[in-house]
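Numbering (the numbering used here), first residue to last: 4 to 322.
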Ligand SMILES: [Zn+2]
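As structure tokens, this is what we get:
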């Protein structure tokens, strides 16, 4: 007697490349492939290597006796949910308005689900990671910019397609820097990679010594990870930047909590989840500076699925 093993194929499309993963009902990645994304070409040419990887994965699943329930895709950007396609993917603009779901469904005769990467990551954490068993969850992630997502009553809170009203564009400081959405002082502008770089530059202009200088002179790229490593070694400038980022995140978190009353806050992305610095800042602000009783009750926890959260989360509704 043969046992059918249900799986789905998760696909995370990004400018740095595509991850294609075969995922089982427990959220375990059984097999993984990478593909390039070819930027500056029409949509189908951009994803052509990813399509070949999907086909290789489907053959692998077939040979292994797996039953593929569908494809879950995630992209970094915003979606046209009515028309099942990416709306605005700044790093892969040829996908803007490309009928991605229709195209893939026709090609593979499988159900296709499309998510924004940060929403997919939260779905992954909710089902298999740090959000398990919690029905009101807020997820904040920091890579180049802040991403935010919300699960209420176990369902992803559908965000507006426009920037305004999207929770990653929450207004934190009305006199803050100008954001891509046109307003000033969105959370994105205060704790982004660019904002952190500017904090470092200001410290350098003040003549402060930092071990970051040596690493940047060694042609390393400035990244949240690099900053996290130096902060952990006790570099004072990195710690200052962490302090400021933590403070803004704390302010934003307090507002999110007042609005949405989540029971748990998950911090994701390497800079937020790989050490306790930010976590402790945010916890301290919530317990000491907040007037809201709700804020003192919330759990603040690091993400558990790491960089696999999005690809795993993109298939949860298929399994
Ligand atoms: Zn904004």
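Cβ atoms here follow ideal geometry from the backbone N, Cα and C, with glycine treated the same way.
- Straight-line spacing of the CA atoms in residue 291 and residue 275 works out to 20 Å.
- Taking the Cβ of residue 152 as the reference point, every heavy atom of ligand 1 lies at 7 Å or farther away.
- Distances from the CA of residue 312 to each of 83, 109, 225, 130 were compared; the closest alpha carbon is that of 130.
- Bounds of any beta strand (DSSP E) do not take in residue 84, whose DSSP letter is neither H nor E.
- Residue 230 holds the alpha-carbon nearest to the alpha-carbon of residue 247 among 262, 52, 236, 230.
- For residue 238, the closest alpha carbon among the candidates 250, 268, 269, 203 is that of 203.
- The bridge partners DSSP lists for residue 158 are 155.
- Remark: fewer than three beta-carbon pairs, one from each stretch, lie closer than 8 Å, so the stretch 65-72 and the stretch 98-107 are not flagged as touching.
- Following the DSSP letters along the chain, one finds residue 142 in no alpha helix (DSSP H) but inside the beta strand (DSSP E) bounded by residues 139-145.
- Fully contained in the stretch 260-285 are the following beta strand (DSSP E) runs of length 3 or more, in chain order: 267-271.
- Within the model, the alpha-carbon separation for residue 138 versus residue 217 is close to 45 Å.
- Counting along the chain, the unbroken alpha helix (DSSP H) around residue 127 starts and ends at 120-131.
- Set against 7 Å, the gap from the CB of residue 178 to the closest heavy atom of ligand 1 is not smaller.
- In this model, residue 281 and residue 241 are separated by some 12 Å (Cα to Cα).
- Residue 16 places its beta carbon less than 8 Å from that of residue 78.
- Around the beta carbon of residue 191, a 10 Å sphere encloses 16 or more other beta carbons of the protein chains shown; the residue is thus reported as buried.
- Membership of residue 36 in the beta strand (DSSP E) is indicated by the continuous run 32-38.
- In this structure, residue 288 lies away from residue 267, with their beta-carbon atoms at least 8 Å apart.
- Put simply, the backbone Cα of residue 257 is about 42 Å away from that of residue 57.
- Residue range 8-15 is occupied by the beta strand (DSSP E) that includes residue 11.
- Separation of residue 265 and residue 259 (C-alpha to C-alpha, rounded to the nearest whole angstrom) is 8 Å.
- Taking residue 194 as the centre and dropping the five residues before and after it, the same chain places the C-beta of 145, 149, 248, 251, 252 closer than 7 Å to its C-beta, in chain order.
- Taking 8 Å as the cut-off, the Cβ atoms of residue 140 and residue 121 do not count as close.
- When the Cα atoms are used, residue 112 and residue 214 turn out to be separated by approximately 54 Å.
- With a cutoff of 7 Å, residue 186 counts as near ligand 1, since its C-beta is closer than that to a heavy atom of the ligand.
- Short note on residue 137: C-beta not closer than 7 Å to any heavy atom of ligand 1.
- The beta carbon of residue 172 sits closer than 7 Å to at least one heavy atom of ligand 1.
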